[in-house]
Amino acid sequence: MDMELEFPDFTSPDEMSSVTLVVEGESLYVHKEVLAAWSPVFRCMFTRDFKEKDQKVVELPGKKVDDFVELLHCMYPPIKPISDSNFEQLLPLAEEYQILQVKRKCEEYLLTKPGSMQLLVTAQAYGLTQLLAKCIEYARTKSYLELQKDPYFEKLEADNFISIL
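Under this note's numbering, think of the first position of the sequence shown as 2, with each following residue one higher.
In structure tokens form, the structure reads like this:
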């Protein structure tokens with residue numbers, strides 16, 4: 002019997018919430034210590050002489066609330082697993098906030114997938130070295146004509162293209 006995991010609800014504060022993140026006008030009640038433990042960006046924001054250090058409310062403009070909640074679910078127990086439905090949401094945020102554990106988990110998950118040009122482009126965008134090596138090996142099994150027909154071919158960085166050749 003598969004038990005459905007109960008993920009935290011960040012839309013209402015608990016007695017330990019120490020900061021409110023405002024994303025797309027929605028308040029997410031979180032804990033500075035958790036964010037700082039996972040992210041050097043948040044650690045700096047909350048400990049150095051940034052305006053956010055003493056603020057109880059921090060706006061995060063340009064972020065999507067669903068994406069940010071997904072990221073929080075990967076940082077708060079029970080830790081949500083990486084899947085097809087969330088890795089594309091998580092990678093840009095993990096990159097921006099330098100959350101290496103989430104980035105590493107995304108790469109581990111993607112390494113279970115067959116190689117593809119799409120994953121090669123994802124790997125080069127986020128510096129996922131193991132995935133990049135796997136996808137370059139995959140691309141080497143294709144002819145130049147096959148590679149050119151792939152919609153992700155144009156997004157290949159020159160050095161990765163050279164590695165394939």
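Think of the CB as a built atom: it goes at the ideal place given N, C-alpha and C, for glycine as much as any other residue.
Source: prediction; values computed, not measured.
Of the candidates Y127, T123, D67, F88, the residue whose Cα lies closest to the Cα of L29 is D67.
For L6, the three-state secondary structure derived from DSSP is coil.
The DSSP-derived three-state label of Y145 is helix.
Taking each of E155, V23, L121, F11 in turn and checking the Cα distance to E53, the smallest one comes out for V23.
In this structure, the CA atom of S144 is about 13 Å from the CA atom of M118. Contact between S18 and H32 holds: CB atoms are separated by about 6 Å, below the 8 Å threshold. Residue burial annotation: F69 is buried, with at least 16 other C-beta atoms found within 10 angstroms of its C-beta. The straight-line gap separating the alpha-carbon atoms of Y139 and P115 is approximately 8 Å.
K104 and L146 have their C-alpha atoms some 33 Å from each other. Taking the Cα positions, P79 is about 44 Å away from L166. Spanning the alpha carbons of A38 and Y98 requires a straight line of approximately 12 Å. 8 Å or more divides the Cβ of T21 from the Cβ of K64. Judged by DSSP in its simplified three-state form, L22 adopts strand. Under DSSP, Y30 shares a beta bridge with T21.
For the set H74, R44, D85, P62, the Cα lying nearest the Cα of E7 is the one of H74. Excluding the 5 residues flanking it on each side, E158 has same chain C-beta neighbours closer than 6 Å at Q125, in chain order. Per the DSSP secondary-structure output, V58 pairs in a beta bridge with T21.
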